[in-house]
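Residue numbers (this note's numbering), protein chains in the order written: chain X, 1 to 92; chain F, 93 to 447. The C-beta atom is built at its ideal place from N, Cα and C for all residues, glycine as well.
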């Protein structure tokens, strides 16, 4: 069970991937198929309180829509993408 | 960290004048030779790098500072990337968190690309968890091993009858008894009355509870009763601790009317294991304390016996012996003036003064 949380709100993430990109122009021939998932398990048999996993991914885009259209050229594109996840106590 | 790539990708990098990117220093600004404020992506990279600067430094940092490509046609199909942090200690601790990225089919033309990537990993939570588990194992290796196995049985037994869950609980108690037996010969003497205390206390569990819980009492009484023989001051407290543990079980059972029986058994198992674990640790500590005090008393008695024997042999009084030690007087050189020529305190003082 993973608690979804915006990556910028994941405190001290155990895993943190950040990518920034800039391009003068971008043109997709097909609509891209992408998927990002936070996975994992946490079990501690020496404790009554079991750790949980929380995290998520998000992107900030300039001049690039969330769903791109094939064949359209997008110019002066900037993208920030981040995914972060951590182990969390139940009361966090 | 693991990364796998199952894609069938094909990319073509080209430039207008036929030179590769690395052959164009006048156009490409690499991180190691960039002056001034840097490119926008470089500045963003610095911002990202500084994000969370108030937090603890990551244990692992992988970065691709700047990648620049003049023009690229990229085709990807079914690219899977998996990055994860994993840790496991026996069957006691399992920590696994990962980020899975899937790109289905991508065909894209990009020009004037500048990109950076940064991966950080922090292992403080994992390290703290492992440290805590290993510390617990170090202190009670057999106990924790038994608890792990027995709790697994409880989990497996969920959905089965109360009697079966009760057996799992009994395993916990038996494991505890085994751990107590391994406390050591000295401990076994001191812990001798655990069986009495626990057995009596656990016997009360049967009242107001089902047959499965009665088996807890039998299991506890039998397992702990085998601990050892003898008596000790410290053990009274151990017996009380075990009684408290079982008392909690009684309360749990009494307060869980209408709850699934396996839930009762599972909770009882946890309580029993935790409390008896604490009881065992406390018993060992009290035992060590009691043994230390007993050793000190024995040492004092032996010293006194040696002193009395020496006093008799030298025909001196006890106080004369002590004073001779303090004044560094050799009693063999002292002539006694007491009854039957016994050396007295005055004799020692006179000998010290040259009399």
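DSSP places residue 72 of chain X outside both helix and strand once states are collapsed to three, so it counts as coil.
Between the alpha carbons of residue 183 of chain F and residue 231 of chain F lies a gap of roughly 17 Å. Annotation for residue 443 of chain F: 421, 425, 426 place their beta carbon closer than 7 Å to its own, counting only its chain and skipping 5 residues before and after. Taking 8 Å as the threshold, the shortest C-beta distance from residue 27 of chain X to chain F falls below it. Straight across, the Cα-Cα distance linking residue 161 of chain F with residue 203 of chain F is about 7 Å. Counting only Cβ-Cβ distances below 7 Å, residue 226 of chain F has no contacts in chain X at all, with the closest Cβ about 10 Å away.
Between residue 13 of chain X and residue 88 of chain X the beta-carbon gap is near 10 Å, outside 8 Å, which marks them as no contact. Within its own chain, the residues whose Cβ lies closer than 8 Å to the Cβ of residue 410 of chain F, once the five positions on either side in sequence are excluded, are 399, 400, 403, listed in chain order. The beta-carbon distance between residue 40 of chain X and residue 5 of chain X, rounded to whole angstroms, is 14 Å. This is too long to meet the 8 Å contact definition.
In the structure shown, residue 19 of chain X falls within a strand segment according to DSSP collapsed to helix, strand and coil. Non-local C-beta neighbours of residue 200 of chain F in its own chain, meaning closer than 7 Å and more than five positions away in sequence, comprise 166, ordered along the chain. Residues 186 of the same chain have their beta carbon placed closer than 7 Å to that of residue 180 of chain F, with the five preceding and five following residues left out of the count. Contact between residue 195 of chain F and residue 33 of chain X is confirmed by a C-beta separation of about 7 Å, below the 8 Å threshold.
At the C-beta level, residue 70 of chain X and residue 23 of chain X stay beyond 8 Å of one another. Distance from the CA of residue 177 of chain F to the CA of residue 205 of chain F, rounded to the nearest whole angstrom, comes to 31 Å.
Assigned with DSSP and collapsed to three states, residue 92 of chain X falls in coil, not helix or strand. DSSP, reduced to helix, strand and coil, places residue 78 of chain X within a strand of the structure shown.
DSSP places residue 195 of chain F in the strand class (E or B) of the three-state scheme. When rounded, the separation of the alpha-carbon atoms in residue 431 of chain F and residue 441 of chain F is 17 Å. Neighbours of residue 401 of chain F across chain X, judged by C-beta separation under 7 Å, do not exist; the nearest C-beta is about 55 Å away. For residue 168 of chain F, no alpha helix (DSSP H) run applies; the uninterrupted beta strand (DSSP E) run containing it begins and ends at 152–181, by DSSP.
When X/29, X/9, X/72, X/64 are compared, the shortest CA-CA separation from residue 78 of chain X is found for X/64.
Look at residue 37 of chain X: its C-beta is under 8 Å from a C-beta on chain F. With respect to chain F, the C-beta atom of residue 45 of chain X has a partner C-beta closer than 8 Å.
A straight-line Cα-Cα distance of about 6 Å links residue 61 of chain X and residue 80 of chain X. The beta carbon of residue 72 of chain X sits no closer than 8 Å to any beta carbon of chain F.
Apart from the 5 residues on each side of it in sequence, residue 218 of chain F sits with its Cβ closer than 8 Å to the Cβ of 177, 179, 187 in its chain, given in chain order.
Taking a Cβ-Cβ cut-off of 7 Å, the neighbours of residue 30 of chain X in chain F comprise 197, 199, given in sequence order.
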